[in-house]
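Following: one structure in structure tokens, then a few remarks.
In the working numbering, the protein residues as written are 7 to 423.
So this is what it looks like as structure tokens:
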């Protein structure tokens with residue numbers, strides 16, 4: 007039986023409020039609510055939809071929610087499900103940015119953030135371990151991961167170039183049955199063109215308006231996060247390296263420490279981890295022009311990041327069965343996933359160096375820029391907290407919220423010793 011819209015609002019509102027713990031936990035929660043408890047979707051449809059969402063750029067859990075809503079009640083259902091998955095976390099992030107801006111420089115608060123930063127190192131390492139176990143099952147994909155790491159760590163190559171190179175390699179080197187191209191009917195083509203005609207201007211129109219009217223900061227934020235929305239294959243951890251590379255080193259919107267704090271705060275909220283884009287935008291706006299500009303910047307980041315998710319789903323969902331049967335696309339995805347492992351390894355090293363050392367100078371060797379921290383700059387408090395976070399996550403297997411709370415308290419204790 008097809009649920010009515012009020013039921014969809016109730017169920018996806020519940021999912022949005024309880025979606026802590028990253029994509030794996032969120033996907034599991036949706037499976038429990040939609041497949042096991044209510045039988046709104048069957049197992050095979052759910053798994054095929056998950057595969058589709060992993061092929062698309064953007065947060066796969068949010069897009070899976072959007073697909074489920076679309077499957078149940080069309081475009082209206084998709085809009086409701088996707089929006090409710092994001093909005094609770096967005097409200098929390100807005101409150102946290104206000105508190106962070108007001109109290110983030112207080113030494114006691116900074117001590118609590120030291121514990122959170124140490125936890126972030128371990129969280130990213132955990133994501134790296136989990137993904138590498140699935141993605142690096144042969145020599146070719148391990149090689150792609152190593153080359154991706156070296157490309158971004160030593161050569162500072164842009165993340166999109168690395169991802170597209172890995173996808174191209176996976177696609178052209180695929181060895182298997184030749185795909186028989188299918189001709190889409192006129193009705194399918196017309197539907198796709200209508201979707202593009204509606205959602206592409208809806209997504210990019212406000213950004214064009216910001217550019218034309220001279221709102222430079224909001225325009226720069228919007229176009230950057232729009233570009234980010236096109237290349238966010240592999241989840242938030244993968245794209246964080248590219249985001250950090252741009253917002254810290256190129257635009258100088260926020261500092262390295264603030265970027266790490268933002269990831270720690272995003273880990274504590276419901277919804278997709280890519281909500282860290284809202285944190286970056288709001289903090290940039292707050293530091294530039296106060297809270298009003300912060301709210302506008304956060305709204306621009308949310309629009310540029312999540313509106314394209316609806317475009318991708320409404321465009322691709324009607325072709326789910328055809329896309330799932332394309333082995334070359336699957337091979338391209340595997341290439342991307344292997345590259346993402348290398349990119350997340352770079353993120354792990356970058357976080358660790360910036361949290362564990364008071365300064366990280368670079369040594370240039372031709373085209374290479376190699377981080378060369380001095381042992382005398384090692385922060386033994388941060389190192390001890392990182393080891394403690396590792397024990398809580400890997401040995402005791404405590405939940406993410408519990409670990410973050412305990413590590414905040416551990417940072418406060420370390421401050422008073």
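All C-beta atoms, glycine included, are put in the ideal place defined by N, C-alpha and C.
Legend entry - Rounded C-alpha distance that separates residue 221 from residue 62: As a first step, residue 221 is located in the chain shown; it is residue number 215 there, counting from the start. As a first step, residue 62 is located in the chain shown; it is residue number 56 there, counting from the start. If I take the Cα positions, the gap works out to 31 Å.
Legend entry - Option in 373, 58, 264 and 151 with minimal Cα separation from residue 134: As a position in the chain shown, residue 134 is number 128, starting the count at 1. For the residues 373, 58, 264 and 151, the minimum Cα distance to residue 134 belongs to 151.
Inset, instruction - Please list, in chain order, all residues of the same chain as residue 355 whose beta carbon is under 7 Å from its beta carbon, the five residues on each side excluded. - result: The count along the chain shown starts at 1 and reaches residue 355 at position 349. Cβ within range, chain order: 159.
Legend entry - Continuous alpha helix (DSSP H) stretch holding residue 273: start and end: As a working note, residue 273 is residue 267 in the chain shown. Taken as a continuous stretch (DSSP letters only), the alpha helix (DSSP H) holding residue 273 covers 262-273.
Legend entry - Within the region 33-74, ranges of the alpha helix (DSSP H) (whole runs, at least 4 residues): 49-61
Inset, instruction - Evaluate the contact criterion for the region 309-328 versus the region 202-213: three or more CB pairs, one atom per stretch, below 8 Å. - result: yes
Inset, instruction - Would you give the residue range spanned by the alpha helix (DSSP H) that residue 13 belongs to? - result: As a position in the chain shown, residue 13 is number 7, starting the count at 1. It spans 11-24 - the alpha helix (DSSP H) in which residue 13 sits, taken as one unbroken run.
Inset, instruction - Would you kindly report the start and end of the unbroken beta strand (DSSP E) that includes residue 399? - result: As a working mapping, residue 399 is identified with position 393 in the chain shown. Neither: residue 399 is in no beta strand (DSSP E) and is coded neither H nor E.
Inset, instruction - Could you tell me which of 41, 22 and 226 sits nearest to residue 86, measuring between CA atoms? - result: Counting from one through the chain shown, the residue named residue 86 turns up at place 80. That would be 22, whose Cα lies nearest to the Cα of residue 86.
Inset, instruction - Report all residues from its chain with a CB closer than 7 Å to the CB of residue 1; omit the five preceding and five following residues, and keep chain order. - result: Any question about residue 1 goes unanswered here, given that the chain covers just 7 to 423.
Inset, instruction - Assess, as a yes-or-no matter, whether the region 400-411 is touched by the region 123-133 under the definition of 3 or more beta carbon pairs within less than 8 Å. - result: yes
Legend entry - Beta-carbon contacts of residue 288 that lie in its chain and below 6 Å, excluding the five residues immediately before and after: Along the chain shown, one-based indexing puts residue 288 at 282. Counting only Cβ-Cβ distances below 6 Å, and skipping sequence neighbours, we find 103, 300, 303 and 304.
Inset, instruction - Please look up how many angstroms separate the CB atoms of residue 58 and residue 201, rounded, as I've assumed it's under 8 Å. - result: Counting from one through the chain shown, the residue named residue 58 turns up at place 52. Counting from one through the chain shown, the residue named residue 201 turns up at place 195. About 15 Å; that fails the 8 Å criterion.
Legend entry - Simplified DSSP assignment, three categories, for residue 364: Here residue 364 is taken as the residue at index 358 of the chain shown, counted from 1. In this structure, residue 364 counts as coil in the three-state DSSP scheme.
Inset, instruction - May I have the straight-line CA-CA distance separating residue 234 from residue 116, to the nearest angstrom? - result: Counted from its first residue, the chain shown places residue 234 at position 228. Counted from its first residue, the chain shown places residue 116 at position 110. Taking the straight line from one Cα to the other gives about 29 Å.
Legend entry - Extent of the continuous beta strand (DSSP E) to which residue 376 belongs: For this step, residue 376 is matched to residue 370 along the chain shown. Start and end: 374-377.
Inset, instruction - Would you mind working out which of 96, 230, 60 and 390 sits nearest residue 276, comparing C-alpha positions? - result: One-based indexing of the chain shown puts residue 276 at position 270. Nearest C-alpha to residue 276: 96.
Inset, instruction - Would you grab the beta carbon distance between residue 157 and residue 169 for me? Rounded to a whole angstrom, and I think it's under 8 Å. - result: Residue 157 sits at position 151 when you count from the first residue of the chain shown. Residue 169 sits at position 163 when you count from the first residue of the chain shown. Wrong, their Cβ atoms sit about 11 Å apart, outside the cutoff.
Inset, instruction - Helix, strand or coil for residue 142, going by three-state DSSP, please let me know. - result: Here the question's residue 142 lines up with position 136 in the chain shown. If DSSP states are grouped into helix, strand and coil, residue 142 belongs with coil.
Inset, instruction - Can you say whether residue 12 is buried or exposed, counting buried as having 16 or more other CB atoms within 10 angstroms of its CB? - result: Counted from its first residue, the chain shown places residue 12 at position 6. Counting other Cβ atoms within 10 Å of its Cβ, residue 12 stays below 16 and is therefore classed as exposed.
Legend entry - Range of the contiguous alpha helix (DSSP H) that encloses residue 283: By one-based count along the chain shown, residue 283 stands at place 277. Its alpha helix (DSSP H) spans residues 282-295.
Inset, instruction - Let me know the secondary structure DSSP gives residue 181 once reduced to three states. - result: Residue mapping note: residue 181 aligns to position 175 of the chain shown, counting from 1. Coil at residue 181, not helix or strand.
Inset, instruction - Quick one: residues in its chain with C-beta nearer than 7 Å to the C-beta of residue 60, no 5 flanking neighbours on either side, listed in chain order? - result: In the chain shown, residue 60 corresponds to position 54, counting from 1. The beta carbon of residue 60 lies closer than 7 Å to those of 66 and 339 in the same chain, with the five residues before and after it left out.
Legend entry - Assigned exposure category for residue 77 - 16 Cβ within 10 Å defines buried: Start at 1 with the first residue of the chain shown, and residue 77 comes out as number 71. By the 10 Å Cβ count, residue 77 comes out buried.
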